[in-house]
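One gets the working numbering by counting positions in the sequence shown from 1 and adding 85 to each.
For every residue, glycine included, the Cβ atom is placed at its ideal position computed from N, Cα and C.
Data first, discussion second: the structure below is written as structure tokens.
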Amino acid sequence: MNDHPKTGSKSEREAFYDKIDGDNLTPLWEVMSDIITPEPKSGVMPYLWEFAPTKKFLMEAGELITAKEAERRVLILENPGLRGTSQITTSLYAGLQLVLPGEVAPAHRHSQSALRFVMDGGGAHTTVGGEKTQMHVGDFVITPPMAWHDHGNESADPMIWLDGLDIPMLSLYDASFAEPFSADEQPVGRETGDSLARFGANMLPVDFEKEKMASPIFNYPYERSRASLDRMERQEEWDPCHGLKLRYINPVDGGFAMPTIATFLQLLPKDFSTAPYRSTDATIFTAVEGHGQSIIDGQTFNWGPKDIFVVPSWKWVTHETEKGAVLFSFSDRAAQSKLGFWREDRQKN
Ligand code: 1HN
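Right under this line is the structure:
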């Protein structure tokens, strides 16, 4: 007895695939389980870049090329599982940028969103949309899509920051636009601190109407964010997976500060071990203060200030610290949440 209608043999099927191949057709049933996986199957690998050796290479790059000639003097943090793609995760780009005293990274704009997280040095500036801001270690600075931006360093020290951009997302949608400004530096039309005064005091200009998706605040000073964590710490109420974790917001609507990239600052108190956590947004972490270790998909990574590490999508992660630590992190959670596919999972202790 045979319930099945007669079908082709393996070789008949292969002959058929060959026949349709020239017409750019291919059978779904041969690839379906590879493209629709029961859970995320990422090529992204857990990895940690130690700051000290990376800074050494960056300073060497500083002797090889100027910021102006390079346009942006950056060493890309390329995920070992994605070499050759300029990606730290499948949706994000990250790099470490160096601006030496007296240098200018010329003004340009592009449809990609950028974040800067200040790592080392002090006193360099960035100008975004006509307002200049001084950058200090731990500050989180935004460049919204298509905003003119240039960087300069009028201080005596080299400045290094971590760049995070949504480059792979824009590539996915074939939506990349970029153009140079007509001069190295854009004109400054607003006083430093203007946007923080207008939008950063839990108030909004009375008739303000939202036009753009990115936050109108473009420098979230570490001093302020750290002070919040410091206050909260005294309450001793810890999230088992995160310790104390704050999300940077757009004060206009309470959403993420950037349209595609979510950013966070978190404090792990003394002698704390987090419960296992996983989420679909592969996340880039950097320690601002303190030392600790993270176990990512069973691999242990020890970190200290300014080290950078990446946790792939849907891999279990735990963090622990003896003396306490502060971590900054960013991911594509802003995009995934808007599109409706972000997920998280917590292992109950
Ligand atoms: C960019 O504009 C900056 O403005 C940094 O500092 C890194 C990587 C690719 C494309 C544009 C910046 C970038 C970038």
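For this session: With E264 as the anchor, note down where its alpha helix (DSSP H) starts and where it stops.
Result: Premise fails: E264 lies in the beta strand (DSSP E), 263-265, not in any alpha helix (DSSP H).
Exercise. Whose beta carbon lies closer than 5 Å to any heavy atom of ligand 1, going through the chain in order?
Worked result: Result (chain order): R157, D248.
Exercise. For T139, which three-state DSSP category applies?
Worked result: T139 falls in the helix class under three-state DSSP.
For this session: Answer yes or no: do L143 and L160 have a C-beta to C-beta separation smaller than 7 Å?
Result: In this structure, L160 lies closer than 7 Å to L143 by Cβ.
Exercise. If we count the other Cβ atoms within 10 Å of its Cβ and call it buried at 16 or more, is Y132 buried or exposed?
Worked result: Of the residues assessed, Y132 falls on the buried side of the cut-off, its CB having 16 or more other CB atoms within 10 angstroms.
Exercise. Between E345 and D259, is the Cβ-Cβ spacing less than 7 Å?
Worked result: One point to set straight first is that residue 345 is Thr, not Glu, in the sequence displayed. In this structure, D259 does not lie closer than 7 Å to T345 by Cβ.
Problem set entry | G206 (DSSP reduced to helix, strand or coil) | Three-state DSSP puts G206 in coil, outside helix and strand.
Exercise. If you run the structure through DSSP and keep just helix, strand and coil, what is E276?
Worked result: DSSP places E276 outside both helix and strand once states are collapsed to three, so it counts as coil.
Exercise. Among K433, Q421, F225, which residue has its Cα nearest to the Cα of F303?
Worked result: Cα-wise, what sits closest to F303 is F225.
For this session: May I ask you to report which of helix, strand or coil DSSP gives W323?
Result: Note: W323 maps to coil in three-state DSSP.
Exercise. Nearest to G440 by alpha carbon, out of Q421, G278, D382, F413?
Worked result: A question about residue 440 goes unanswered here, because the residues of the chain that appear run from 86 up to 434.
For this session: Pull up the distance between the alpha-carbon of E276 and that of V189, whole angstroms please.
Result: Cα-Cα distance, rounded: 20 Å.
For this session: Specify the secondary structure class of E270 as computed by DSSP and reduced to three states.
Result: In this structure, DSSP gives E270 a state outside helix and strand, which the three-state scheme calls coil.
For this session: Please name the residue in L424, E156, L113, D392 whose C-alpha comes closest to that of A268.
Result: If we check each option's Cα against that of A268, E156 comes out closest.
Exercise. Taking DSSP as the reference, what is the three-state secondary structure of G249?
Worked result: In the structure shown, G249 adopts extended strand secondary structure according to DSSP, grouped into three states.
Problem set entry | Where Q421 sits in the DSSP three-state scheme | Under the three-state reduction of DSSP, Q421 is assigned to helix.
Exercise. Tell me which same chain residues have a C-beta within less than 6 Å of the C-beta of H236, skipping the five on either side of it?
Worked result: Once the five neighbours on either side are set aside, the close Cβ partners of H236 are V184, A190, T211.
Exercise. Pick from P112, P125, S118, T111: whose alpha carbon is nearest that of W401?
Worked result: It is P125 whose Cα lies nearest to the Cα of W401.
For this session: Give the DSSP-derived three-state secondary structure of E216 in the structure shown.
Result: Here E216 carries a strand assignment [DSSP, helix/strand/coil].
Exercise. Who are L183's beta bridge partners in DSSP?
Worked result: DSSP links L183 through a beta bridge to I245.
For this session: Give the single residue among T365, S280, S313, P354 whose Cα lies nearest to the Cα of A347.
Result: Here the closest residue by C-alpha is T365.
Exercise. With burial defined as no fewer than 16 other Cβ atoms inside 10 Å of the residue's Cβ, what is the status of I120: buried or exposed?
Worked result: I120 is exposed by the Cβ-count criterion.
Exercise. For N238, which of A232, M220, K297 has the nearest alpha-carbon?
Worked result: Closest in C-alpha terms to N238, from the list A232, M220, K297, comes M220.
Problem set entry | Integer-rounded CB distance, given that R431 should sit under 8 Å from A360 | About 6 Å; that satisfies the 8 Å criterion.
For this session: Could you please give the first and the last residue of the uninterrupted alpha helix (DSSP H) stretch that includes K330?
Result: DSSP places K330 in no alpha helix (DSSP H) but in the uninterrupted beta strand (DSSP E) bounded by 329-332.
Exercise. Hey, Q378 and E405: beta-carbon distance below 7 Å or not?
Worked result: Yes; because the gap between Cβ atoms is below 7 Å, this pair is in contact.
Problem set entry | Buried or exposed (CB count within 10 angstroms, at least 16 for buried), K91 | Sixteen is the threshold: since fewer than 16 other Cβ atoms of the shown chains lie within 10 Å of the Cβ of K91, the residue is exposed.
Exercise. In terms of DSSP beta bridges, what is W388 paired with?
Worked result: Per DSSP, G377.
Exercise. How would you label A282, buried or exposed, when you count the other beta carbons within 10 angstroms and need 16 or more for buried?
Worked result: The residue in question, A282, is exposed, as its Cβ has fewer than 16 Cβ neighbours within 10 Å.
For this session: Measuring alpha carbon to alpha carbon, tell me which of K217, L200, H234 ends up nearest I227.
Result: Answer by Cα proximity: L200.
For this session: Please report how far the alpha carbon of P112 lies from the alpha carbon of Y102, in whole angstroms.
Result: Their Cα atoms are separated by approximately 7 Å.
Problem set entry | Beta-carbon proximity check, M204 vs K423, cutoff 7 Å | No Cβ-Cβ contact shorter than 7 Å links M204 with K423.
For this session: Could you give the DSSP three-state label for A360: helix, strand or coil?
Result: A360: coil per DSSP, three-state reduction.
Problem set entry | Beta-carbon contacts of D382 that lie in its chain and below 6 Å, excluding the five residues immediately before and after | Only P131, K400 meet the Cβ criterion.
Exercise. To which residues of the same chain is E318 closer than 7 Å at the C-beta, ignoring the five residues directly before and after it?
Worked result: Correct list, in chain order: L329, L352, P354.
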